[in-house]
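When the letters of the sequence shown are read in order and numbered with the numbering used here, they come out as residues 1 to 214.
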Amino acid sequence: MKHVLFILWCCLAAVVHVQSGKAALNIPRLANEVSMAQQNNGISTWGESTSRVYEGVSRYGGGALVLTLCVCGVFFYRGYRKRKEQLLQAEFQRQVAQVEMQALRAQMNPHFIFNCLNSINSSIIRSDSITATGYLTKFSKLIRLMLDNSAAQATTLDSELQLLRLYIEMELLRYDDHFSWEMEIDKGLDVELVEIPSMIIQPYVENAIWHGLM
C-alpha cells in the first residue's frame with residue numbers, strides 16, 4: 001500500500017510540474033497578447049487576456065486537487081476495510097472461544113454430577129449417615145454454585161475458588177482422606193474483583209486427582 005501511494009504521489013507531482021510548466025510557457029505568450037491588445041483594442045481586450053491566464057491556472061490547480069483527494073480517499077477506504085476485517089476476526093474468535101467453553105461445560109457437568117451422586121449412594125449403602133449427610137450438604141452447595149457460574153460467561157475468582165474447595169472436599173470424602181491439599185493465594189490479588197471464565201479450573205483439578213493421585 002505504501003508503494004502504491006508513493007507511485008501515485010510521484011505521478012501527481014509530475015502532473016502538477018508539467019502543467020505548471022505549460023502555464024509558465026503560456027504566460028509570456030499571453031503577456032505579449034496583452035501588450036498587443038492594449039495597443040490595438042484597449043483596456044477591454046487586456047481584461048479578457050488576463051482572465052484567460054487565471055482560467056488556465058485555476059483549471060490545472062483544480063485537476064491537481066481532485067487527484068489528491070482521490071488518492072486520499074483510496075488510502076482511507078483501504079484503512080477502514082482493514083480495521084473492519086480485524087474487528088470481524090476478533091469477534092469471530094471470541095464466539096468460537098465461547099462455544100468451546102459451553103461445550104466443555106456440557107461435557108463436564110453430567111460427568112461430575114454422576115460421580116457425586118454415586119459417592120453419596122455408596123455412603124448410604126454403607127449406612128454411613130454422617131458421611132452421607134456431609135456429602136449431601138456440600139453437594140447441594142456445589143450444585144448451586146455450578147448453576148450460578150455456568151449461566152455466566154465469566155465469574156469472580158472468589159466464586160470459582162469456593163466451587164473448587166467444595167469439589168476437593170467432596171473428593172476427600174470419596175477417597176477417605178487419602179490425599180492432602182492446600183490452596184495458596186497471592187495476598188495482593190483481589191479475588192472479588194478478578195474475573196475468569198466460569199468453571200475453567202475444576203476440570204484440571206479433577207484430572208489431577210483422578211489420573212495423578214488415584
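Note that CB positions come from ideal geometry on N, CA and C, so glycine has one too.
Please read these numbers as outputs of a predicted model, since none were measured by experiment.
Self-check item: Residue environment, Ile209, which counts as buried when at least 16 other CB atoms sit within 10 Å
Solution: Under this definition Ile209 is a buried residue.
Practice problem: Classify Arg144 as buried or exposed, calling it buried when 16 or more other Cβ atoms lie within 10 Å of its own Cβ. | Solution: Flag for Arg144 reads exposed.
Practice problem: Could you tell me whether the Cβ atoms of Val191 and Ile185 are closer together than 8 Å? | Solution: Yes, the Cβ-Cβ distance between Val191 and Ile185 is below 8 Å.
Quiz item: Which value, in whole angstroms, describes the spacing of the CA atoms of Ile113 and Leu189?
Solution: Approximately 31 Å between the Cα atoms of the pair.
Quiz item: Helix or strand or just coil, what does DSSP make of Ile130?
Solution: If DSSP states are grouped into helix, strand and coil, Ile130 belongs with the helices.
Practice problem: Out of Cys70, Ser123, Ile120 and Leu213, state which residue places its alpha-carbon closest to the alpha-carbon of Trp181. | Solution: Among Cys70, Ser123, Ile120 and Leu213, the Cα nearest to that of Trp181 belongs to Leu213.
Quiz prompt | Cα-Cα separation between Gly79 and Ala90, rounded to whole angstroms | solution = Rounded to whole angstroms, Gly79 and Ala90 show a C-alpha spacing of 17 Å.
Quiz item: Assuming Arg174 contacts Ser119 under a Cβ cut-off of 8 Å, what Cβ separation, rounded to an integer in Å, is found between them?
Solution: Taking a contact as a CB-CB distance under 8 Å, the pair Arg174 and Ser119 counts as one, their CB atoms being some 5 Å apart.
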